[in-house]
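Below you'll find the structure, written out as structure tokens, and then a few comments.
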Amino acid sequence: MEEQACRLPLIGEKAPSFVAETTQGTVRFPDDYKGKWVVFFSHPADFTPVCTTEFMTFASMADQFKKLNTELLGLSIDSTFSHIAWLRTIKEKIDYKGMKNVEVMFPVISDLTMEVSKRFGMLQPSASTTQAVRAVFIIDPKAVIRAILYYPLSNGRNMDEVKRLLIAMQHSDEHKIATPANWQPGDDVIIPPPGSCGSAKERVEKAGSDYRCLDWFLCLKKCPHK
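Residues 13 to 238 (this note's numbering) are what the sequence shown spells out, left to right.
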């Protein structure tokens, strides 16, 4: 039973639902986030150096994520009082890479019972028995898990990569395209490969101003504007 409770949800599955206390009041997931993307991430503990730099970076990018119809949601196995004290310390004392007086406005879940952490597979005994590892779940407006990123306790996440991946998935959903390696917004995108020999031949023959083909299975076009 415990093993099942700690199972990592998979890409394409519905994200586990929960009700939790946070620094911004009670959160009911997914009901409170209908129609929005969510970047849900865990951190090992409050008042830890790597987590502090991550929270400052996420908070400084919060408006950028909002413009992408995306809400941030944090979690650690600490109390709300600990969260508040830590976030106040960040705002009042920490100056990092030009970021200072940073106020963390997104909710941070207090998961003392570890119920939410277990539902999302955020506890890995080989890494720590009491701390949630650095997990990131990108969840779409239908509450479906679309991407999962895991980092060790010792190394901070790249928030620009989280944002890049989010934009890539939003483009893929809207325009039915894929994105190549190291894609950045504005770069060329990949047209889905043809499903038959006839359409493959036609795809190559019609390549021109609208798109270009490196071969029948790899054709690119300009990035559509959102």
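Backbone N, C-alpha and C define an ideal beta-carbon position, used for all residues, glycine too.
A straight line joining the alpha-carbon of Met73 with that of Pro21 spans about 27 Å. Apart from the 5 residues on each side of it in sequence, Asp185 has no Cβ closer than 6 Å to any other Cβ in its chain. Cys209: member of the alpha helix (DSSP H) spanning 209-217, first to last residue. A residue is called buried once 16 or more other Cβ atoms fall within 10 Å of its Cβ, and Met117, having fewer, is exposed.
The beta carbon of Glu115 sits closer than 6 Å to those of Lys103, all from its chain and outside the five residues before and after it, given in chain order. One thing to note: Ile189 has its Cβ no nearer than 8 Å to the Cβ of Val51. In this structure the segment 90-105 does not lie against the segment 188-204, because fewer than three pairs of beta carbons, one per stretch, are closer than 8 Å. Cβ-Cβ distances below 7 Å link Ser29 to Phe41, Pro42 in the same chain, with the five nearest sequence neighbours on each side left out; the list follows chain order. Under the three-state reduction of DSSP, Arg131 is assigned to helix. For the pair Gly47 and Pro153, the CB atoms are nearer than the 8 Å cut-off.
Comparing C-alpha distances from Lys213 to each of Leu230, Trp49, Thr65, Ser221 shows the shortest one belongs to Leu230. Residue nearest to Ser166 within the set Lys26, Met134, Lys175, Cys63 is Cys63 (criterion: CA-CA distance). Looking at the backbone, the Cα of Glu83 and that of Cys209 are separated by about 43 Å. With respect to the C-alpha of Arg169, the residue from Ala147, Arg19, Val216, Glu127 having the closest C-alpha is Ala147. Judged by beta-carbon spacing, Ser54 lies within the 8 Å limit of Val145, meaning their Cβ atoms are closer than that value. By the neighbour-count criterion, in which 16 or more other beta carbons inside 10 Å mark a residue as buried, Asp107 falls on the exposed side. Taking C-beta separations shorter than 7 Å and ignoring five residues to either side along the sequence, the partners of Tyr45 in its chain run Glu83, following chain order. Asp199 is positioned such that its CB atom lies closer than 8 Å to that of Cys235.
Shortest Cα-Cα distance from Glu127 to any of Phe93, Ile89, Met111, Tyr162 involves Ile89.
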